[in-house]
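Numbering (my numbering), first residue to last: 3 to 387.
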């Protein structure tokens, strides 16, 4: 099928989505770019810039549309859990910013909904040391309802999240926003990073071993000049990547006692004409021991930028997710990558939020798209080793 945005705006005039040219301010007075969802002129600019990319992939599957109005910007960030006992029973966990956490199977069918308020970003880590030598799968998210970090445990037998949080941490930020987890392999400790629109970032240590309840402690504060959101931590190199939406991607030490100063990835800024703000979701793709890439969703032109981690984070190109049997993807917020072998996805999967979900040329509520990493490796060049 072909996605027709003229039809989108025609329907939008009947189902009143407000596409009005305007500037957006956060609580600190910083003026940020409007998104295509907010501005029809911005939409046309993004589509024009998107057309310059010749590297293309397409979605293999998608989740059900959110149970929301097409007017709502609700789907945001996914996390992928690989079931090592039965890969076919792996799970996708996605945030609905108005309803809570949604758990999906690989076919995109929702199998659980946890109504925990207003979650924004979600992440998980499989193999967190707990009491008596056990290991846990921990799922956590930023939650704007009470300005908290919500921590859940995944039941890997019954394939369900705990119905309520096992720990809830009150952030000191004005409003929590972006979020990711980091596991320090040397310390064998899990940490949570959460940021706010002011640019402030908190690092929290989580302790699942010392007591029956989860212990937590604020261990460090970081900052970027303007609004961030997307973050990802590399537990192999102890590096935290932070996307400052209208500036570029910062590299921090992820260690709790590490340097609090960051380095900006040179080719993630506006001098690179393939970068059109906002920079949103971040993920790491490990193709092999010698090939590892940072992937960033670029909302301003509906593309995905790749940076070579092992070559000083050199920009190596961008791709788009185009229409095919399933509609293409625009204005992605969050994304996640898992490099394990799944049924029908031998090289792993990329999961992205779709800001404009269209079925049979009719706009429907947002969802998440699933893309075989084999296609992404072909874009990078060559097959996975």
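Glycine included, each C-beta is placed from N, C-alpha and C at the ideal position.
Going by DSSP, what residue range makes up the alpha helix (DSSP H) through residue i?
i: residue 376; result: 375-382
i: residue 256; result: Per DSSP, residue 256 belongs to no alpha helix (DSSP H) and is neither H nor E.
Can you look up residue i in the DSSP assignment and give me helix, strand or coil?
i: residue 203; result: strand
i: residue 288; result: strand
i: residue 371; result: strand
i: residue 293; result: strand
i: residue 364; result: strand
i: residue 95; result: strand
i: residue 311; result: helix
i: residue 73; result: coil
i: residue 319; result: strand
i: residue 133; result: helix
i: residue 283; result: strand
i: residue 247; result: coil
i: residue 305; result: strand
i: residue 38; result: helix
i: residue 270; result: helix
i: residue 89; result: helix
i: residue 66; result: coil
i: residue 128; result: strand
i: residue 277; result: coil
i: residue 324; result: strand
i: residue 262; result: coil
i: residue 166; result: coil
i: residue 345; result: coil
i: residue 160; result: coil
Based on Cα-Cα distance, which residue from the options lies nearest to residue i?
i: residue 146; options: 159, 123 and 184; result: 123
i: residue 294; options: 373, 263 and 311; result: 311
i: residue 319; options: 277, 366 and 356; result: 277
i: residue 376; options: 61, 55 and 304; result: 61
i: residue 246; options: 133, 329 and 280; result: 280
i: residue 351; options: 56, 297, 192 and 364; result: 297
i: residue 157; options: 126, 292 and 359; result: 126
i: residue 305; options: 378, 229 and 235; result: 378
i: residue 346; options: 372, 362, 331 and 356; result: 372
i: residue 67; options: 209, 218, 324 and 112; result: 112
i: residue 226; options: 235, 243 and 218; result: 243
i: residue 110; options: 353, 382 and 381; result: 353
i: residue 232; options: 184, 284 and 334; result: 284
i: residue 80; options: 95, 87, 89 and 73; result: 95
i: residue 327; options: 42, 101, 59 and 70; result: 59
i: residue 137; options: 160, 178 and 191; result: 191
i: residue 331; options: 360, 308 and 339; result: 360
i: residue 263; options: 272, 235, 253 and 269; result: 253
i: residue 322; options: 116, 100 and 307; result: 307
i: residue 402; options: 195, 275 and 186; result: What is shown of the chain runs 3 to 387, which leaves residue 402 out entirely.
i: residue 72; options: 383, 369, 374 and 381; result: 369
i: residue 333; options: 42, 83, 300 and 250; result: 300
i: residue 85; options: 65, 161 and 78; result: 161
Any idea if residue i is buried or exposed, counting beta-carbon neighbours within 10 angstroms, 16 or more meaning buried?
i: residue 52; result: buried
i: residue 303; result: buried
i: residue 54; result: exposed
i: residue 98; result: buried
i: residue 6; result: Here residue 6 scores only 49 on pLDDT, less than 50, and its place in the model should not be relied on; the value that follows carries that caveat. Per the 10 Å Cβ criterion, exposed.
i: residue 205; result: buried
i: residue 180; result: buried
i: residue 174; result: exposed
i: residue 355; result: buried
i: residue 165; result: exposed
i: residue 282; result: buried
i: residue 93; result: buried
i: residue 314; result: exposed
i: residue 365; result: buried
i: residue 200; result: buried
i: residue 275; result: exposed
i: residue 241; result: buried
i: residue 44; result: buried
What is the residue span of the beta strand (DSSP E) that residue i lies within?
i: residue 43; result: Where residue 43 is concerned, there is no enclosing beta strand (DSSP E), although the alpha helix (DSSP H) it sits in stretches over 42-52.
i: residue 144; result: 137-145
i: residue 154; result: 150-157
i: residue 83; result: 77-83
i: residue 174; result: Neither: residue 174 is in no beta strand (DSSP E) and is coded neither H nor E.
i: residue 106; result: 102-106
i: residue 113; result: 112-116
i: residue 339; result: 337-340
i: residue 356; result: 351-356
i: residue 331; result: Premise fails: residue 331 is in no beta strand (DSSP E) and is neither H nor E.
i: residue 59; result: 58-60
In chain order, what are the residue ranges of uninterrupted alpha helix (DSSP H) at least 4 long that sit wholly in the stretch 176-245? No alpha helix (DSSP H) of 4 residues or more sits fully in the stretch 176-245.
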